[in-house]
Every structure is written in structure tokens, then in C-alpha cells.
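In the working numbering, the protein residues as written are 2 to 106. So the structure is just underneath, and the comments pick up after that.
Here you go:
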């Protein structure tokens, strides 16, 4: 009878140890799954930001180099001055042409 009780006790202890180890393994698996989900979300966000970067519109200043910058503040002031001077010259030429045309009449 005593031997039977000892055997039962040892089997019970083995079972509880086995159950505890199973619980630990389940926790590890759950943690790994959560980490994988986080990594997948980060990858999705990176992919979205990459797509957005590629879809950016051309530069508002329409640089000759084919610049893709959206923010005009990143450009040097010199480019703005050059562009404005070009517009002024073109406007003056238009006025001269109109004056010559009116003189011909």
C-alpha cells in the first residue's frame, strides 16, 4: 500500500512539473507571436513610408535638376532670386514688344 502511495505521489509530481513546463512553453510561444506581430507592423509602416516617399510630387520651384523636394525652404535663396529675375526680364521683353507693336500702328 505504501509503495502504491509513493508511486501515486511521484506520478502526480511529474504531472505537475509537466504541466508547469507546458505553461512556460505556451507563454514563450505567445511572447514570440506578439514580437512577430510588432515586427510585421513595423515592416508595414516602413513600406508605407517608402511608398509615400516615392509618390511625392515634383518640387514646387521646378528646378532644372529635376529636384523632388516639396519644401521650398530647403532651397537656397539664390534660386528664388534667379527665378524672379528671369520673370522680370521676360516681362520687360513683353512690354518692349508691345511698345514696338503699338508704335507700328
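Cβ coordinates follow ideal geometry from the N, Cα and C atoms, glycine included. Computed from a prediction, not measured in an experiment: that's the story for all the values here.
I need the straight-line Cα distance from residue 50 to residue 44, nearest angstrom please. 10 Å
Can you give me the C-alpha to C-alpha distance between residue 97 and residue 47, rounded to a whole angstrom? 55 Å
Alpha carbon to alpha carbon, how far is residue 27 from residue 35? Give it in angstroms, no decimals. 12 Å
Quick one: what's got a C-beta closer than 6 Å to residue 8's C-beta in the same chain, skipping five residues either side? none
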